[in-house]
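Protein chains: 2
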Amino acid sequence: MTPMKEDYIKIIFELGGINKKISNKEIALALDVAAGSVTEMISKLVEEKLVVHEPYAGISLTKKGQRYATELVRKHRLWETFLVDKLNYNMADVHPEAEVLEHQTSDRLASSLDNFLGYPKHCPHGGVIPDENGHFDDISHEMLAMAKDNEEVEIERFLDNHELLVYLTDLGLNVEDDIKVIRHDPFEGPIQIVRKTDQKAMAVSYKAAHNIFVRKTNG
Amino acid sequence: MTPMKEDYIKIIFELGGINKKISNKEIALALDVAAGSVTEMISKLVEEKLVVHEPYAGISLTKKGQRYATELVRKHRLWETFLVDKLNYNMADVHPEAEVLEHQTSDRLASSLDNFLGYPKHCPHGGVIPDENGHFDDISHEMLAMAKDNEEVEIERFLDNHELLVYLTDLGLNVEDDIKVIRHDPFEGPIQIVRKTDQKAMAVSYKAAHNIFVRKTNG
DNA sequence: GCTAAATATTAGGATTGCCTAAAAATATAT
DNA sequence: ATATATTTTTAGGCAATCCTAATATTTAGC
Ligand SMILES: [Mn+2]
Ligand SMILES: [Mn+2]
Ligand SMILES: [Mn+2]
Ligand SMILES: [Mn+2]
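Same order as they appear, the protein sequences are chains A and B. The numbering used here applies: residue 12 is where the first sequence begins, and numbers increase by one. The numbering used here applies: residue 12 is where the second sequence begins, and numbers increase by one.
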């Protein structure tokens, strides 16, 4: 496994989870490489039984590919957690550092780090950290944008996008916040919310609200 | 700068410091690559003004090359310190992890790590950690093997060799120990020493004593 | 000082991963 | 249903870094 192969496997996992088929183009876009490079790399990953490829139909991970993907996601998110919790990085800044450290992280290092961090369950963006055996909890795919007026939800996770995270940091909205949706302004206007703990009112842009995933807090 | 170029620069620094000329062969041996590969890489480093090469005479670093070398040594040793101080690694085990992490360490990450570790001056093997500006203290080149009977010295540093470090860990000898040399057994026999703090007597093998560097504690 | 051994360089070739441009396959829109 | 647009694959090349084998140069032994 080279770092590039790991990144291909990881992006297939992140875009498609454990069964959705991903197109050549989606990978090329996400990794910022040419389509021809993707075709070529995928054919190598097929040989190594890490992915399944139906030409012109799509690409998905084998069990073995999933194993590598979750390991890499684990390492990535442990580093992100380290950077925020121990080195006082801002959550918007950790991605590029983790993106390279992940590939140089032995299993021993990952497990020492995990222990040092107190076995965190989530990265600073709310992403699940798989355990040593590749097990991880389900994640929500419910967008804040889709929550109904008056619904009470918990902020579960943010997509790991720099601009989004800077925006949310400025706004003061955090993972694990319990909030109440007040209303959806028309014409793709902001979603108005209130944080229950401190009654702070926030207006979350329509676009951002599509990149924030929530979980109903029942009630 | 690629990771391999960084490793070439670093080994030239470690073998030769800031002025000694290093041979092709020494580099090939240290990095475990073929002599032809070294010639080729050196010619690239010459183009980039990182090293000076007199064919058949030897290779040394330019000022620019020294700058890169000290930066990499700094990152390497900060990681080693992190692994020992925070993740409870044994000093014999840290080298391979640091060897790869060093290449993926931004200046920002290095300085956050430095702060987190409390600005350590030395790595777990007693090697000096250069500061952000590439400055570092002098190091001793006096081998324990050469210390005279009855001389009192402080253990300054160990060469970073796995077997040596395992041996010294078992023996219980540490960097910064203040010791007294008792005697040199003949026929390349061990050097008998006593640690001043706890009067613990130790017999350090002849070979190991050539890889341990000390500083006179005057007295 | 000459010859043999050691060291360094050059030459030719492999691999990995990327690129662009052309060709093939598929999807979409009227 | 065809023409157009999009996506995917193929083909030909390039850069980095390694290797082995052949050649050149320097050093060491007698
Ligand atoms: Mn990565
Ligand atoms: Mn994350
Ligand atoms: Mn290295
Ligand atoms: Mn060290």
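Just so it is clear, CB atoms sit at the ideal spot from N, CA and C, and this is done for glycine as well. Remember, predicted model here, so these are calculated numbers, not experimental data.
Distance CB(residue i)-CB(residue j) smaller than 7 Å
| i | j | result |
| --- | --- | --- |
| V164 (chain B) | I150 (chain B) | no |
| P201 (chain B) | S216 (chain B) | yes |
| A109 (chain A) | H136 (chain A) | no |
| I22 (chain B) | A39 (chain B) | no |
| E153 (chain B) | V225 (chain B) | yes |
Presumed contact (8 Å Cβ cut-off) between residue i and residue j, rounded CB distance
| i | j | result |
| --- | --- | --- |
| T92 (chain A) | C134 (chain A) | 6 Å |
| E113 (chain A) | L83 (chain A) | 6 Å |
| A121 (chain A) | Y178 (chain A) | Not confirmed; about 31 Å, so no contact. |
| K97 (chain A) | F127 (chain B) | 6 Å |
| I53 (chain B) | V62 (chain B) | 6 Å |
Residue i versus residue j - alpha carbon distance
| i | j | result |
| --- | --- | --- |
| Q210 (chain B) | M15 (chain B) | 46 Å |
| G129 (chain B) | W90 (chain B) | 13 Å |
| K132 (chain A) | E167 (chain A) | 12 Å |
| K36 (chain B) | A46 (chain B) | 6 Å |
| M102 (chain A) | L176 (chain A) | 7 Å |
| H195 (chain B) | H221 (chain B) | 12 Å |
| E182 (chain B) | M213 (chain B) | Reading the sequence as shown, one finds Leu at residue 182 (chain B) and not Glu. Straight-line Cα distance between these residues: approximately 7 Å. |
| K55 (chain B) | E25 (chain B) | 20 Å |
| E199 (chain B) | I223 (chain B) | 15 Å |
| R119 (chain A) | Y67 (chain B) | 43 Å |
| N185 (chain A) | N99 (chain B) | 32 Å |
| N229 (chain B) | E51 (chain B) | 48 Å |
| M12 (chain B) | F169 (chain A) | 34 Å |
| V111 (chain B) | V111 (chain A) | 11 Å |
Neighbourhood of residue i by C-beta distance below 7 Å, restricted to the same chain and skipping five residues each side
| i | result |
| --- | --- |
| K60 (chain A) | T73, K75 |
| G69 (chain A) | K32, I33, S34 |
| G27 (chain B) | I33, S71 |
| T116 (chain B) | K86 |
| E143 (chain A) | S122 |
| T208 (chain A) | D189 |
| H64 (chain B) | I53, V57, I70 |
| D125 (chain B) | L89 |
Cβ neighbours of residue i in the same chain (closer than 6 Å, five flanking residues each side left out)
| i | result |
| --- | --- |
| F147 (chain B) | V139, P141 |
| H106 (chain B) | D171 |
| D188 (chain B) | I166, R206 |
| I29 (chain B) | Q77 |
| G145 (chain B) | R78, T81 |
| V8 (chain B) | The question about residue 8 (chain B) has no answer here: the residues shown for chain B are numbered 12 through 230. |
| Y19 (chain A) | M52 |
Beta-carbon proximity list for residue i, same chain, < 8 Å, skipping 5 on both sides
| i | result |
| --- | --- |
| V192 (chain A) | L155, A158, K159, D160, N161, E162, E163, V164, I202, Q203, I204 |
| E17 (chain A) | Y79, L83, E113, H114 |
| T180 (chain A) | N101, M102, A103 |
Whole runs of the beta strand (DSSP E) within the segment 139-224 of chain B, excluding any shorter than 3 residues: 163-169, 189-195, 202-206, 212-215, all fully within the segment 139-224 of chain B.
Sequence ranges, alpha helix (DSSP H) only - wholly within the segment 96-123 of chain B, length at least 4: Within the segment 96-123 of chain B, the complete alpha helix (DSSP H) segments of 4 residues or longer fall at 105-112, listed in chain order.
Length-filtered (3 minimum) beta strand (DSSP E) runs lying within the segment 57-85 of chain A: Here the runs fully enclosed are 62-65, 69-72.
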